[in-house]
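Enquirer:
Numbering (the working numbering), first residue to last: 4 to 159.
#1: Roughly how many angstroms separate the alpha carbons of residue 35 and residue 20, rounded to a whole number?
#2: Ignoring anything shorter than 4 residues or poking outside the stretch 4–81, list the alpha helix (DSSP H) runs there in chain order.
#3: Are the Cβ atoms of residue 115 and residue 71 separated by less than 9 Å?
#4: Rounding to the nearest angstrom, what Cα-Cα distance links residue 42 and residue 83 in this structure?
#5: How about residue 121: is its C-beta nearer than 9 Å to some C-beta of chain B?
#6: Apply the 10 Å Cβ neighbour rule to residue 146 and answer buried if 16 or more other Cβ atoms are within range, or exposed otherwise.
#7: Taking 8 Å as the cut-off, is the beta-carbon of residue 57 closer than that to any non-hydrogen atom of the ligand FAD?
#8: Do the CB positions of residue 39 and residue 148 come within less than 9 Å of each other?
#9: Check for me: the alpha helix (DSSP H) holding residue 143 runs from which residue to which?
#10: With a Cβ-Cβ cutoff of 9 Å, do residue 144 and residue 37 count as a contact?
#11: Three-state secondary structure (DSSP) at residue 87?
#12: How big is the Cα-Cα spacing for residue 88 and residue 108?
Set out below in structure tokens:
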């Protein structure tokens with residue numbers, strides 16, 4: 004993947020994360036970023052998914068929730084990397100990898116939130132269900148975007 008595509012992907016993830024934010028009770032927010040990370044990973048592979056997911060999401064957190072930026076960098080990079088392993092695979096394996104990547108992300112946020120002195124166990128538990136919903140939404144949205152892209156993208 005050419006470097007300028009990856010730069011564009013990073014910006015797309017950052018903007019999609021910041022553009023529509025629906026707050027959740029525990030303090031985080033739902034956004035469209037995961038769907039873009041999944042889509043980018045399926046189109047560009049693990050490296051593009053990890054770069055766009057980690058850097059795009061962490062940059063968005065620097066603007067909105069800076070305390071989470073390091074956790075987000077790790078969680079979303081791993082999400083993008085694992086999701087990208089599904090590129091070119093059959094649909095079932097691809098979806099399994101997407102779900103596994105989202106579970107890794109949820110686990111990292113759970114542990115990271117628990118370890119933050121200002122938040123702790125109660126916040127980690129409160130964020131668990133919203134993060135699972137965010138992850139499932141990301142898989143569904145990203146797969147739908149990818150299916151739409153496949154129908155219009157030129158065949159090689």
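Just so it is clear, CB atoms sit at the ideal spot from N, CA and C, and this is done for glycine as well.
Expert: Walking through what the data contain:
#1: Cα to Cα, residue 35 sits roughly 6 Å from residue 20.
#2: 6–22, 36–47, 49–54, 60–67
#3: yes
#4: 9 Å
#5: Absent from the structure is chain B; it holds one protein chain and no more.
#6: buried
#7: For the ligand FAD, the structure offers nothing, since it holds no ligand at all.
#8: yes
#9: 123–155
#10: yes
#11: helix
#12: Residue 88 and residue 108 have their C-alpha atoms some 15 Å from each other.
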